[in-house]
Structure formats: structure tokens, C-alpha cells
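Data first, discussion second: the structure below is written as C-alpha cells.
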Amino acid sequence: MASITLDRLAHSYDPNPKTDADFALKEIDYEWEDGGAYALLGPSGCGKTTLLNIISGLLVPSKGHIKFDGKDVTHLQPEERNIAQVFQFPVIYDTMTVRQNLAFPLLNRRVPRDEITKRVADMIEVLDLADKADRKARRLTADEKQKISLGRGLVRYDVNAILFDEPLTVIDPHMKWQLRTKLKDLHRQLGHTMIYVTHDQTEALTFADKVVVMYEGEVVQIGTPEELFDEPAHTFVGYFIGSPGMNVLPCQINGKTAEIGSTKIELAREYNISGSNIELGIRPEFVSLSSDRAGIPVQIDAVENIGRFKIVRANLEGHSINAVLKEGESVPADPTFKFATDRINVYENSHLVRAGG
Amino acid sequence: MDKPYNNKAWFLVVPVFALVALSAIIPIMTVVNYSFQDTFGNNQFFWAGTEWFQDVLSSDRFWDALGRNFMFSVIILSIEIPLGIGIALTMPKKGIWVPVCLVTMALPLLIPWNVVGTIWQIFGRADIGLLGYSLDQLGVNYNYASNIFDAWATIILMDVWHWTSLVVLLCYAGLVSIPEAYYQAAKIDGASRWSVFRYIQLPKIRGVLIIAFLLRFMDSFMIYTEPFVLTGGGPGNSTTFMSIDLVKQAIGQFDLGPAAAMSLVYQLIVLSVCYVFFTVMSNVGVDKPDARVED
Amino acid sequence: MLELKNISKKVGNALHISDVSMSLEKGSVNVLLGPTLSGKTSLMRLMAGLDRPTSGSILMNGSNVVGMPVQKRNVAMVYQQFINYPAMTVYENIASPMRVAGVDQATIDRRVNEAADLMKLTPYLDRTPANLSGGQQQRTALARALVKNAELVLLDEPLANLDYKLREELRVELPKIFAETGAVFVYATTEPQEALLLGGKTATLCEGRVTQFDRTIDVYNHPSDLLTAQTFSDPPMNVLPVTKVGNEFVFETSRVDVPTNVSGLADGNYKIGVRPHHMLLEEPKGHSMKLDCVVSTTEITGSESFIHLQSRGAHMVALMHGVHRVEIGDAIPAYLEQKSFFIFDHHENLVSAPTFDSQN
Chain A
1 MASITLDRLA
11 HSYDPNPKTD
21 ADFALKEIDY
31 EWEDGGAYAL
41 LGPSGCGKTT
51 LLNIISGLLV
61 PSKGHIKFDG
71 KDVTHLQPEE
81 RNIAQVFQFP
91 VIYDTMTVRQ
101 NLAFPLLNRR
111 VPRDEITKRV
121 ADMIEVLDLA
131 DKADRKARRL
141 TADEKQKISL
151 GRGLVRYDVN
161 AILFDEPLTV
171 IDPHMKWQLR
181 TKLKDLHRQL
191 GHTMIYVTHD
201 QTEALTFADK
211 VVVMYEGEVV
221 QIGTPEELFD
231 EPAHTFVGYF
241 IGSPGMNVLP
251 CQINGKTAEI
261 GSTKIELARE
271 YNISGSNIEL
281 GIRPEFVSLS
291 SDRAGIPVQI
301 DAVENIGRFK
311 IVRANLEGHS
321 INAVLKEGES
331 VPADPTFKFA
341 TDRINVYENS
351 HLVRAGG
Chain B
1001 MDKPYNNKAW
1011 FLVVPVFALV
1021 ALSAIIPIMT
1031 VVNYSFQDTF
1041 GNNQFFWAGT
1051 EWFQDVLSSD
1061 RFWDALGRNF
1071 MFSVIILSIE
1081 IPLGIGIALT
1091 MPKKGIWVPV
1101 CLVTMALPLL
1111 IPWNVVGTIW
1121 QIFGRADIGL
1131 LGYSLDQLGV
1141 NYNYASNIFD
1151 AWATIILMDV
1161 WHWTSLVVLL
1171 CYAGLVSIPE
1181 AYYQAAKIDG
1191 ASRWSVFRYI
1201 QLPKIRGVLI
1211 IAFLLRFMDS
1221 FMIYTEPFVL
1231 TGGGPGNSTT
1241 FMSIDLVKQA
1251 IGQFDLGPAA
1261 AMSLVYQLIV
1271 LSVCYVFFTV
1281 MSNVGVDKPD
1291 ARVED
Chain C
2001 MLELKNISKK
2011 VGNALHISDV
2021 SMSLEKGSVN
2031 VLLGPTLSGK
2041 TSLMRLMAGL
2051 DRPTSGSILM
2061 NGSNVVGMPV
2071 QKRNVAMVYQ
2081 QFINYPAMTV
2091 YENIASPMRV
2101 AGVDQATIDR
2111 RVNEAADLMK
2121 LTPYLDRTPA
2131 NLSGGQQQRT
2141 ALARALVKNA
2151 ELVLLDEPLA
2161 NLDYKLREEL
2171 RVELPKIFAE
2181 TGAVFVYATT
2191 EPQEALLLGG
2201 KTATLCEGRV
2211 TQFDRTIDVY
2221 NHPSDLLTAQ
2231 TFSDPPMNVL
2241 PVTKVGNEFV
2251 FETSRVDVPT
2261 NVSGLADGNY
2271 KIGVRPHHML
2281 LEEPKGHSMK
2291 LDCVVSTTEI
2301 TGSESFIHLQ
2311 SRGAHMVALM
2321 HGVHRVEIGD
2331 AIPAYLEQKS
2341 FFIFDHHENL
2351 VSAPTFDSQN
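Taken in order, these protein sequences are the chains called A, B and C.
1 is the number of the first residue of the first sequence in the numbering used here; add one for each residue after it.
1001 is the number of the first residue of the second sequence in the numbering used here; add one for each residue after it.
2001 is the number of the first residue of the third sequence in the numbering used here; add one for each residue after it.
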């Protein structure tokens, strides 16, 4: 187990990058703590796989260094880094049984026989695969295979980090829950440093202590799930986290008031900004409906009942805006919207304007 | 199998059926006919029962030829399969060298059997052939026309040169379809080069390997042209394989009955050996389907 | 209108589809919801005419189409993999079914532009699929299926290979597009959320059997049996085996009054299903069943928290709004609200469902 330092890391697939846009991964400087659970979250093409490949050693970054426990490993091969990786599609050794699969990395490292037997037996127990231990791995279901590929990393007690590359892609929703919980459980028991790459916010948020949100090669925010939800540092984070995402409305700020077209909205504090690209962000969870005439006038387009809650899709001065209603609540007659004032965030050029700005 | 019916499709298959009937079934029926009868010319036939079959099966000549066939196939397979896998493993998986390698590999496959025979026949001659002459100059007494070992070595070399490419191409196709993640995972698990081959590459190319094995077996078991062109089955009877023997009997001696019986036995042997190979090889490493109660 | 009557499909000895009857209206969206290998794709192949049912009949607008080859049926299909003609531009890809049908150029032009507009593909019409993102490729495939003016459009997990957010956006757009075309849409998915967002009707599949086929929200609110309820629940539904003794449901040492609307039930074994967001960590006002639990895992998404609990061998999940921190290993009480009980009898058939929120 190890801490991972990303020391002014950047990567371009172009050998002679000229502009910032040539970088698939823009400069990142960060330290991942030993034993932490981290997620790299972003849409495809955001650079998260590039970063993962740099950590695993498949790619040498064009700039900067990567260190495990302070030791520079930038130019080490994957096998020299002592890491484990779980891939999108389960990788198992077809001809081996579950037990042999788990013993394989230890055999290769010449661990003594009885030590192997013991560790593998423990791992089979931990992974709940006892009844299938002597079956050919090929005959197992996708989620069981994924457990084996994870197990092959975990039996090596000394791995520096375990990397996950969208490991739940081929797993049914029902099994996703079980596997995710298992993963979380294992992290708690064994305390490995884990890095999880995904485009699925639920997976990232439920798994990680800290989520790294990436967008167009740039890390736009690193934070706990709460921070990402409450104070998205970038409008992209607001949009990407949450389902439906945060409402982002272009506005003018005038002291303590935001103006969206002719609609005036009270803010929690005074802002002193005058840029042209100002936006107001409010999560649908913090938009409520009422018949209050003094509320924000909107035109309701659709109400979607999706079981646990309802999504109210509406239009405010030509901008689409969503609100969320809890199960059992219904849309009042002639509804208006109300924003929870202390939940409103203000953005300038897509970046959050923090206190004092 | 149970796709919606489209009756027109059957009419399209009719010509093929007709062709197969004319080209395969009718000649085979003729052979079957001959194998149970005797003739003294004039289109007069007498029922001979299983006499020819008994003759064939009790003749040393048949068993000797059969022995040679098996020996030849075993040698061919034990050289071409490992060699083919080996070459396929060293071929590049991407880049500009891929087409170059593939074309080079495919070249011998484009040359007809008898041309291959002729090429090597000349190539190996001590007076005018490059190989034969060079060996001769080096003091190696090499002469396929008089030395049994040299004759065998030349035929085997010919076949290896001609057909290893097929094994290579099949294995290569199997190898390039293995996802990159398997190699990465193996690296991370600390697997040696041998383990990667043994536990990833070999299991993943098993399917194409079975095909390569069967094709090479059938083809080598039916060897004819190479020894025919090289020495005509000699020196002595040392390279008289079943097919050559068959031709000698049928055309050289005009023993149609025994030749017909022999060709049927020959065919039966090829079919049954292939069947055994196929069943054994497709079951190797496959565990019994277990009672899957839970799903 | 497409009607399936007692369709079964056997391959060898395995029954892939077992006695399915359903009738799909014109202009409707029909979701096939079920886990992998539940028979969604098999059923679609039967509908398309790619396979022939072992027994039963398929009626399209009243006439039997069993045995009619797929080329003669007016069917479009979109797969999980993005399937386009790699050498053609997006325009030609979309136009291809009309070219085959011999539609005149002016009409092709008009319909391709309409479809491209709908699918937000207008800027990419001159590109080839290799130069498109996954989402754009799949939208091209969708557009091609739509311009065909097919009577039956089959979509087999069309969004499964797309990014989460893109999926969310297309899920919102698709129902609107479906509504405009008037074809019969069949949409297979493994995700309950997707079914709910698409609306329309949903058929839940399990091992080749349609366990229920009804309006999506009705299937969600009134699953006919436990299997359906579990298929249509994400996160998974909490299920507790209970015994009814007199006026009480009993689980180990926990008990709760039987709801008044089902007070007439015979004593015996039942199962209670409670969706995770109705499992509470604070005692509610009304009747509830208190369970002594131990926290096994917590997952916090920022807006919600999933608390995984163990209670005498039963694994449960509570979904709380907001951030809710509890320590793993803590013993805490959890409450199952009586008014949110799904009650199933010993055959696992629904006896009673929660009544709130049945309108819309």
C-alpha cells in the first residue's frame, strides 16, 4: 500500500504539443493518500483513462513525475510497480479453476506453497466464492469473474494500489449493488489504496472518499461527494453530478439580486462581479413548487413520474429548468418555483464565485 | 435451423446438390461397385464378395504403406504445429510490417503441389541443384534417389516449407483477436512469457489450432504429389504411401478390385482418425457441464 | 398493432421464451425489463421475424406473420453496438433504407434532414461514422431506424454503451421522438430507472416469462408478484419473511399491526417488501416495524445516502435523503413503515401494495 503523488503531471499524445488543447491530460498536481478510495469521474474523452494508464505504467507522461510513497516510478513498467488492475471486461485464466486463478500471481512471485494455500483459502472466503472454488473460472457469471480479477490483486498483500477501469460495465444493475458493496467492504477490511475510473456518477460517489471530476483533459474539482453536490466548483460538475443535473441559468448580478431576463431572484449574499458570462446554479432538489403568486413564474412542460420521485420539467424565460418532487407530492395548480436561497451558487466563466468574490 | 421458411432458397441449392451428386456420390458408388466385383475386361463383372477387402487387409504391402502414412503425418504435425505457433508468436501485431509478413507467409500456399515437388527435386540435385550441390561440396553425402533417410527428409522439408504458413496464418488470426487487457493483467500478475503462452494464448487459439491440426492431418495423410514427383515412391518402396500404392495398383497393374477396396479402406481410416481427433481435441480442457441449479 | 399469442420458443431442450402473450398498440413505447439472459433479445428476435416461434402466433394488424421473412416485414432494429455502414457518410447512412425502398431524392432529402434535426446530427451529416463519438454514432443508427417509417421499431439496450449523462439526455428525448412517429416501439433494458424515464408500458421478464405487462408506473406501484417487484427495483427491494399471527406480522422479535385493508388475511407465512427509501432510521408517526440492525456499509452520494444494514441474516438497504453519517458496525434501529408495505403471500403473489401516490 502506498500514497500516490502526481507531481505536475501532464500528457499529450502529440510529440510536440503547442497549445493547451494538444494535451489529453492537462497539468495535475495532487497527492493521493495511502489507503484512500478515489474515483476518476468524467465523460468519455475527458482524460481519465489517460491518467489511469500513467498510474498503471502503460503510458509515460510527457511532463511531470508520478511517485509511489515518494519513490519516482515514472519510467517503471507496470509489472515493476506492484499494482493490481481490474478491467472493464473480466480477465480470467479460462483453463484454470477459481482457486488456481487466485494462486497464479503468488506462484509467479514464488511465494511458499503453504502460504499460497492459506492466502487463497482466505481470499475465497472473503469473496464468497467457497462453493465455486474448484470450478473452471470460465463457467462463472460476469460478476463472479470480476470478483476473481479483483481477488488476484488482493491476494498480494503488498500491492501499492488497485486500479479499476469501469469494472461494472458488464454487470447487471441488481448485481452492481452487491459487487459495489463488496468492494467497499473489502476496502474497509484490507485498506488498499484504490483508484476507480468511471463515467457513472453513482458508482463514483458511492465508492470514493474523494472524487476527481475531469472534463476535457482538466481536473475541474477534487472533493468529497458532499462537496461536489453542494458546491460544484464548475458548472460542468453541477451538470455531471446529480440526476437530473444542476440547473444552470445565464443571469445578471446586481448586488444581492440575480436577474434572469425580467425575473429577479434573491441571493444569500452580495456579489461584486460584473463579467458578461455570469450564471446561476441551483440543483433541482432545491427548487420547490407552490401556488405562491410571489414565486418565480414558470411554464411547466412535463412531469415525469419515475417512482421514487417526480421530475418537473419547466421553462423559465426561455431556459429549461427542472425541479424534483418527492414521492407523494403533486404539482399544485398554477405553480411557481421557489429557490432555496442558501443553495444558489453563482458562476463566472463557468467557475464558482466563492465568498468574497 | 428454424428460421422462417423461404422456399425459394431451396431451388437455389439444387444445382449444388446436382453437382455434389455427380462429382462425389456417383464416382464413390462406382468404387463401391468395383470393390465387390471382379472383372476380366469386356465389361463382364463377377460378384467377389468381401474377397478384395480380405486381400487388402491381409497384405503386407497395405500395412507397410499405412505405417508410412501414419509416420509421415506424425512427423509433419509435430514439426508444423509447434513451428507454426512459434512463427505466429513472433509476428508483429500492428504496424507496417504486418502486411509484409502476411504476404510472405501466404506465398508458399499459392504454389501448386507438383510445382513444389519439381522445385525441390531440382533444388536437391547434387549436379544442378543449389541445395544438393552445396551439401555435396560440404562433404555431406546427400542423395534422395538412393538414400531412404534423404528421401524422407526432402519430402518432409518440402511439406513443411509448403504448409507451415497455413498453421501460421490460422494461429496469427487467433492471436490478434486476444484483447490487450489479458496481456496487461498477466504482466500485473507477474506472469512469465511461458505462462502467458500457456494460460492465455494457447487456450485462446485452441479453436483455430484444432482446425489447423485437422487440415494438416488430412492433407498429410493423403500425401501423393511430392513423393511421386521426387522419386515415384522410391528408393525401393520407402516413400510408397497409400495413395501412391493405390495408383500403382489401379493404373500400373490394373487391379481395379483391390484398388477400389483399398481406397474405401483408406477413406474410412481418414474419416475415423479425423473424427477421433476432433472429439478428443474439442474436449480437452473442457470440464463437464456441472449441474447448474442456481441459474 | 402487434399481438403475440402464447408464444414459446425452444432451442434444443432449453425453453428461451415461455408462453408469452402481449398486445402492443400503435404509437406506444413498450419496455422489456429484465436482467441479462431473461429473454429480452430472444423475444425481440421473434417479434422481428428473425426467429420462428416453436408455438403460438404473431399478428401484425390482425394478420398472422409467423413464417414471413424479416425482409418483407416493415421492421427496424437498433442494437447495443453502434451499427452503421462505415464507408458511408451520416447522410447516406440515414438515407440507406429509403434508397433500398426506391424513394425519390427530394423525399429522401427532406426526411434525412428532419431526422438529423431531431437527433441533433445536422452538423455531422458529411462525416463518416468513424469520425463521430459513440453517442453520435448511436443517434445515427436511431435516425436510420426512424426514417424507415417502420411499423415496428425494436431497440435492444440502445443506450447501454453510452456515457451515463448522454444516456440521461437521450432517455428524455427518446419518448418525445417515439410519440411523433406512430410506430410500435419495443425497448429492451436491464435498468429499472430507464423504464421509468421512458414511461409507456413495461413488461418485466424473468427466465423467458413475462411476469407482468402494464403501464410502467402501474407495474412499479403494483407489481403482481415478488419477482416482478424485485426486477423493477433499483436499489433492490428489501424483503422480509414474516408470519401473520392474529392481528400482527411477526419477524423474529419484531412485530407490527397488520394494515387494516388486509386484516382479513389468513394466518401464515408472508413476505413484506419495502423499497429502500421507505426504510427509515427514525421512528415515523404511523405504525411501523422496528428492526434491530447493524450497519454494514454506508455509501454517500452527496444528495443521498445508502445505509446497508444486517438484521438477523436479512440484508437491507435504507436510502436516506441528504448526507447521513453512521459508523460501520453500529447497532441502530430501523423502521419499516406499515403504509409502504408490499405484502406477498406464500406463493409470492401480491396481496397488497402501498396506496399513496397512485394517481399519475
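Ideal Cβ positions, reconstructed from N, Cα and C, are used throughout, including at glycine.
In this text, all values refer to a predicted model and were calculated from it rather than measured experimentally.
Assuming residue i contacts residue j (C-beta within less than 8 Å), just tell me the rounded distance between them.
i         : j         : result
Val211/A  : Leu6/A    : Incorrect: roughly 15 Å between the Cβ atoms, too far for contact.
His2016/C : Ser2042/C : 4 Å
Ala1151/B : Asp1136/B : That pair is no contact at about 16 Å.
Val1031/B : Ala1260/B : 5 Å
Gly57/A   : Leu9/A    : No, Gly57/A and Leu9/A are not in contact; Cβ-Cβ is about 13 Å, not under 8 Å.
Ile1223/B : Ser1243/B : 7 Å
Mark residue i as exposed unless 16 or more other C-beta atoms lie within 10 angstroms of its C-beta, in which case mark it buried.
i         : result
His2347/C : exposed
Asn2360/C : With a pLDDT of 39 at Asn2360/C, under the threshold of 50, the modelled position of that residue is not reliable, and no figure is offered here.
Tyr157/A  : exposed
Ala2020/C : Note on residue identity: the sequence assigns Val, not Ala, to residue 2020/C. The residue in question, Val2020/C, is buried, as its Cβ has 16 or more Cβ neighbours within 10 Å.
Val120/A  : buried
Arg1292/B : Any reading at Arg1292/B is ruled out, since the residue's pLDDT is 34, under 50, leaving its predicted position unreliable.
Leu228/A  : buried
Glu2283/C : exposed
Asp122/A  : exposed
Pro1289/B : Note that Pro1289/B has pLDDT 41, beneath the 50 cutoff, so the model's placement of it is unreliable and no number is given.
Asn2006/C : exposed
Asn305/A  : buried
Tyr13/A   : exposed
Met1029/B : exposed
Cys2206/C : buried
Tyr1275/B : exposed
Gly153/A  : buried
Asn160/A  : buried
His380/A  : Nothing can be reported for residue 380/A, as the shown portion of chain A is limited to 1 through 357.
For residue i versus residue j, is the C-beta distance shorter than 7 Å?
i         : j         : result
Arg1068/B : Phe1217/B : no
Leu217/A  : Lys26/A   : The question names Leu, but residue 217/A in the sequence shown is Gly. In this structure, Lys26/A lies closer than 7 Å to Gly217/A by Cβ.
Leu1109/B : Ser1165/B : yes
Gly1257/B : Asp1038/B : yes
Ala2076/C : Ala2145/C : yes
Leu1170/B : Ala1106/B : no
Thr336/A  : Gly295/A  : yes
Pro2175/C : Asp2234/C : no
Ile148/A  : Ile92/A   : yes
Val2031/C : Tyr2187/C : yes
_Check whether the stretch 2293-2307 of chain C and the stretch 2209-2220 of chain C are in contact - that is, three or more C-beta pairs closer than 8 Å._
no
- Query: For the stretch 2285-2311 of chain C, which residues have a beta carbon sitting closer than 8 Å to at least one beta carbon of chain A?
  - Reply: Ser2296, Thr2297, Glu2299, Ile2300, Thr2301, Gly2302, Ser2303, Phe2306 and His2308
- prompt: Counting pairs of Cβ atoms below 8 Å between the stretch 2279-2298 of chain C and the stretch 236-253 of chain A, do you hit three or more?
  reply: no
Meets three-Cβ-pair contact criterion under 8 Å: the stretch 2267-2282 of chain C and the stretch 2193-2213 of chain C: no
Discussion item. If the cut-off is 7 Å on Cβ atoms, which residues from the stretch 176-201 of chain A count as contacting chain B, listed in chain order?
Written reply: none
Quick test of the definition: if touching needs 3 or more C-beta pairs under 8 Å, does the stretch 67-75 of chain A touch the stretch 88-100 of chain A?
no
For the 8 Å Cβ check, are there 3 or more pairs between the stretch 2033-2042 of chain C and the stretch 2055-2071 of chain C? no
* Asked: According to a CB-to-CB cut-off of less than 8 Å, which residues of the stretch 279-292 of chain A neighbour chain C?
  -> Arg283 and Glu285
- What residues in the stretch 73-106 of chain A have a beta carbon less than 8 Å from any beta carbon of chain B? Gln77, Pro78, Glu79, Ile83, Ala84, Gln85, Phe87, Gln88, Phe89, Val91, Tyr93, Asp94, Thr95, Met96, Phe104 and Pro105
_Below 8 Å, how does it come out for the stretch 2160-2177 of chain C and the stretch 2125-2141 of chain C: are there three or more Cβ pairs, yes or no?_
yes
* Contact residues within the stretch 1079-1097 of chain B, judged by C-beta distance below 8 Å to chain A -> none
- Item | Cβ-based contacts, 7 Å cut-off: residues of the stretch 2251-2263 of chain C near chain A | none
### Message
Measuring CB atoms only, is the stretch 2264-2274 of chain C touching the stretch 2239-2248 of chain C, in the sense that at least three cross pairs come out at less than 8 Å?
### Response
yes
Report task. Please determine if the stretch 2098-2105 of chain C and the stretch 2113-2127 of chain C are in contact, where contact requires at least 3 C-beta pairs separated by less than 8 Å. Result -> no
Open item on the list: Beta carbons nearer than 8 Å to chain A: which residues of the stretch 2131-2158 of chain C have them?
Closed with: Ser2133 and Gly2134
May I ask you to list, following chain order, the residues of the stretch 311-340 of chain A that have a beta carbon less than 7 Å from some beta carbon of chain C?
Glu327 and Gly328
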